[in-house]
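Going line by line, the protein sequences match chains A and B.
Residues 102 to 721 (our numbering) make up the first sequence, in order.
Residues 13 to 272 (our numbering) make up the second sequence, in order.
A virtual CB, placed ideally from N, CA and C, is assigned to each residue, including glycine.
The structure under discussion appears below in the form of structure tokens.
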Amino acid sequence: MVSARQGKSKKAKPATARRAPKAAAAPGRDALSLPLVALLAAVGLLVVSVANALSRATLTETSLIYWAGLLLITLPIFFKLSSKEPSYRQRLVLVLLLGAALYGVKVVHDGIYFTFTDEFVHAYNAESIAQHHHLYYFNSIIPTTAHYPGLEGATSALMMLTGMSSYGAGTILVGAARLTFMAALFFLFARLSGSARGAALGVAIYTGSSNFLYWGAQFSYESLSLPLMVVVLMAFVEREAGSPERRTPWTALIVLGILGITITHHLTSYGLALVFVALAILYRVMKIERPNPWPLALLAAGAAIGWLLIAARQTVSYLFPVLSDALKAIWDTASGESAPRTLFHQSADVAEEVGATPLPARALALLAVLILFAALLVGIRQVWRRHREEPLVLLFCAAAVVFFGALALRFAPAAWETGNRAGEFLFLGLAFVAIYGAAELLRPGPRLQRRRLLFTAALGVVLFGGVISGWPWDVQTTRPLQVSADGNEIDSESLALAKFAGKRLDGGRFAAPEAEARPLLNPGGQIAFAGQGPDIEDIVNTGQLEPWQLPLLEENQLPYVVTDRRLASGDSIRGFYFTVPGRYNHALRERGVVHKFARLPVARVWDSGRVVLYDLKDRP
Amino acid sequence: VKGHRDLTIAAVAAVLCALVAALVPVEIIRVLAALPLTLYLPGFALVAATFDGEELAALKRLTIEVAASLIVLVLGAFVLNIFPFGLTTASWAVLLALFVVIGCFWAARRRGREERPQRPLFAAVPRPSPGSAVLVGVAILIGAAAIALAQKPLPAKHAEGYTALWMLPADSSEERVVVGVQSNEQDPAAYRLRISSNRGSQSRTYRVKLDPGEERTFEAEVPEPSAGRAHVVASLYREGRPGHLFRRVTRWLPRQQSFP
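Right, here's the structure in full:
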């Protein structure tokens, strides 16, 4: 079959098959040695940790120290990677160092609890598996997550075998996935570009993806599925580059990877299926002489659809409203029916006014987009000239172009998140194309040293731009969740309530604002509903008891209702931290928000002043 | 696996790690055993069984091994979930150890009798100079210090403290309540706690002094009222402001068990 294809093929030379990564020149003496770069990265991480510590201690509002730490981590690595000197192995070590240090930035942001929006949800799932010994245990905030238990199932192995909490096990597991991602992306780019230098630059460019630093590093299913997807793509190009008789092991890895991704994350499994379907079509259209990957496309699509229909039907009601809202928002914004979203501002549903991103930071983020666009323009010509016979590279080019289209989604109020989430997949293509833009800048010739510095600065801008546009400016450094007072530890109200519920009301079902519901899930370990499905948000945010509210609570069997006067209680990123008067979490809602249930009357179980827990089943 | 040193070591290590992780009660030792068992050995066995004969660069092989281990964990959870016993410490330990041993046997069968030359993982890395070793060592220490700092709660004088008051039935018979006062204030504080029921004679007052982070609980009996439910109220006052209600919690006992 292979020979028949070869006979029909117009393309005699498979692009990846002949191109093994070139080892760079023998390593020579460089003022910036690898150990020194590692030391600088570690010092940078310590500076970031100090910046977070100062923020937790409410001693400073500036994040300049944090940004300085990030500079210290990244710029020496970027500069070193732009050199011709490091060997293949040294470049790999450098990108691993970059990945580890940037993951460290996320870890030192956390402290001892997961604090990112989705982490509470997945940590709850992992704890449920450890407690009940089976998958698919109900999750009240994002029910779909229980039906994609890959991450939590894997984490449960570490939890049970080590005795660690979901926080410890999850941090290690996502760390391992992140290092795997960096290495696999390096090997993928190295195989496709034929250059270790280019591959390392491509991985470094990828760190400028807006979700790389924080969102993609949180304990969430995509943090595992995206690395696995890159591993599958790497295995695919390795398979294509190898001799026909050596394809089986790579195919086995690809098949296992596809199955693993299918039960880990819905969007990644659909994205991977889309990639293989597109590859199958391109192989056919371009008459590539290697075996058409349609069986892999069939497997990826069949597994994703099969899992959706058999095990995860709720995903339809979870994803489709988001996508249809996004499409509607795009239409409304494009047709002028609704005003475009203002960039660098919070979505309208965040109750409390939060600090806007400063003008220089916004300018930096926009400059990053311009730099990436310039890299695309320069790079895509080179890629087309050198690799247009390689289907996966063509897909990367398409992804790079679509990336800038997805940026436009940020102007549509309900579509910005869709655009933001698509970005981390599309950025894989952009990072690959940008390698060739970078290569043009770093071409041998006069003033190479200056151009290396320029490249380093540009890559720094890209990274900073990604960080700025990927995570709110005012929470780049963390806030106090648990503080030391008089030698003892005290918890924020949300955390204290969660611990109380976990210890004293185990098995309870709660309706709560976001700020309480998520900690109630983890570390509280309780079933807590928030948001709009069912409409808990309007119950806990309004000062009057509407006729529909009690029946809805009864219908969902939610006897415990948490009320919180703080405006920030609706904020799933900031609400669970301590109130710091004059800075954050201090604005209050009307008193009726916490008193309306007392008027019924029903029992007040827990009262901290601003936060009150009611038990609707305890009444006269 | 006789005659294949790497496979023998992996198989024995998997069994030992599984035993230690499952049986030793010391967490740090379990962590040291569980990390290779979960994040490396399953992938090693899988790669050895499938890639036998393939010349893979050491770091590429290592990457695939870790990635394959992650995939094995994901799929392993799915497989264990099928069985009634599900995902437990024992089932994970047995599954992973078994997977590694079978993978190594499979690899040995495919390799045959001939011992393959082993390539040390870091063969191409030159031995670091003492200076480099010191720099890397210091870097590791600084990185660890950064993470340790992040785990330490710090004083935050501008963070607004608060006091929480709570009340629950002390037991299932609901004849007593337990009232808790928890100080999450920045400084030591004193309070007066008054617990009363709808029979005014049952009122009791306590003086409470709490350090930050301290919690005290009080139990009070709730005599069954002649008719209806007993209404219990716990009121908290700051020591310096006895006329100003600071916190209040209430209960009706026994609990109604139905929505209003």
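Residue i: contacting residues in chain B (beta-carbon distance under 7 Å)
i, result
"E590(A)", "P165, G225"
"N153(A)", "A162"
"V338(A)", "What V338(A) touches in chain B: nothing, since even the nearest Cβ is about 12 Å away."
Coil, strand or helix - residue i by DSSP
i, result
"G192(B)", "strand"
"N226(A)", "helix"
"P122(A)", "Caution applies to P122(A), whose pLDDT of 49 falls short of 50 and renders its modelled position unreliable; the value that the coordinates give is listed next. Looking at P122(A) - three-state DSSP - the assignment turns out to be coil, as it is neither helix nor strand."
"P396(A)", "helix"
"Y237(A)", "coil"
"A79(B)", "helix"
"P181(B)", "strand"
"K429(A)", "helix"
"Q577(A)", "coil"
"A278(A)", "helix"
"F230(B)", "strand"
"E638(A)", "helix"
"Q550(A)", "helix"
"H243(B)", "strand"
"Q633(A)", "strand"
"T217(B)", "strand"
"F526(A)", "helix"
"Y315(A)", "coil"
C-alpha gap between residue i and residue j, whole angstroms
i, j, result
"G566(A)", "D199(B)", "42 Å"
"F656(A)", "N642(A)", "The residue you asked about is not Phe; residue 656(A) is Glu in the sequence shown. Cα-Cα distance, rounded: 19 Å."
"A126(A)", "E186(A)", "Here the model assigns A126(A) a pLDDT of 42, short of 50, so the residue's position is not dependable, and the following value carries that caveat. Taking the straight line from one Cα to the other gives about 6 Å."
"H366(A)", "I389(A)", "31 Å"
"F134(B)", "A70(B)", "Confidence in F134(B) is poor, its pLDDT being 49 and thus under 50, which makes the residue's placement too unreliable to answer from."
"R666(A)", "A688(A)", "8 Å"
"T175(A)", "G205(A)", "12 Å"
"T578(A)", "V220(B)", "37 Å"
"D183(B)", "H696(A)", "28 Å"
"A246(B)", "H223(A)", "37 Å"
"S670(A)", "P620(A)", "12 Å"
"V275(A)", "G264(A)", "17 Å"
"R106(A)", "S103(B)", "Unreliable positioning characterises R106(A) in this predicted model, as indicated by a pLDDT of 36, which lies under 50. The coordinate reading is nonetheless provided below. Near 47 Å, if we compare the C-alpha coordinates of S103(B) and R106(A)."
"G403(A)", "E525(A)", "24 Å"
"A30(B)", "L334(A)", "32 Å"
"G225(B)", "E251(B)", "18 Å"
Sequence-distant residues of its chain with Cβ nearer than 6 Å to residue i (five each side left out)
i, result
"L248(B)", "L177, Y203, L205, F258, R259"
"T281(A)", "P328"
"A57(B)", "V112, G115, C116"
"Y608(A)", "A small correction: the amino acid at residue 608(A) is Gly; Tyr does not occupy that position in the sequence shown. The answer is none, since no qualifying residue turns up."
"A449(A)", "Annotation note: pLDDT 44 at A449(A) (below 50); position unreliable, coordinate value reported separately. Correct list: empty, nothing qualifies."
Under 9 Å from the C-beta of residue i: neighbouring residues of chain B
i, result
"G608(A)", "Here the premise fails: no neighbours, minimum Cβ distance about 13 Å."
"Q583(A)", "P165"
"F601(A)", "A176, W178, G192, Q194"
Cβ separation of residue i and residue j, assumed to be a contact under 8 Å, to the nearest whole Å
i, j, result
"R690(A)", "L659(A)", "At roughly 20 Å, the Cβ-Cβ gap does not stay under 8 Å, so R690(A) and L659(A) are not in contact."
"L182(A)", "L302(A)", "6 Å"
"V356(A)", "L325(A)", "So it is not a contact: roughly 18 Å between Cβ atoms."
"L197(A)", "M283(A)", "6 Å"
"G561(A)", "F179(A)", "7 Å"
"S270(B)", "K718(A)", "6 Å"
Same chain, Cβ closer than 7 Å to residue i, neighbours up to 5 away in sequence not counted
i, result
"V332(A)", "T281, A285, G358"
"S257(A)", "A227, I230, A231"
"V563(A)", "I306, G309, A469, I472, L473"
"E253(A)", "H223, N226, A227, I230"
"A318(A)", "Y204, K207, V275, R279, S324"
Within chain A, the residues that residue i reaches when beta carbons sit closer than 7 Å
i, result
"W104(B)", "A258, M261, L262"
"K72(B)", "F288"
Neighbour list for residue i in chain C, Cβ cutoff strictly below 9 Å
i, result
"G124(B)", "The chain inventory of the structure shown lacks chain C, comprising the protein chains A and B."
Cβ neighbours of residue i in the same chain (closer than 8 Å, five flanking residues each side left out)
i, result
"K600(A)", "D592, P624, G625"
"P140(B)", "V148"
Beta-carbon neighbours of residue i, restricted to chain B and to distances below 8 Å
i, result
"P682(A)", "H170, E172"
"H248(A)", "Ordered by position in chain B, no residue passes the 8 Å Cβ test against H248(A), which lies about 12 Å from the chain."
Chain-ordered chain A contacts of residue i [CB-CB under 9 Å]
i, result
"G88(B)", "G254, A255, A258"
Residue i: contacting residues in chain A (beta-carbon distance under 8 Å)
i, result
"P200(B)", "D587"
"W118(B)", "Ordered by position in chain A, no residue passes the 8 Å Cβ test against W118(B), which lies about 12 Å from the chain."
"F271(B)", "L651, L654, E655, P660, L717, K718"
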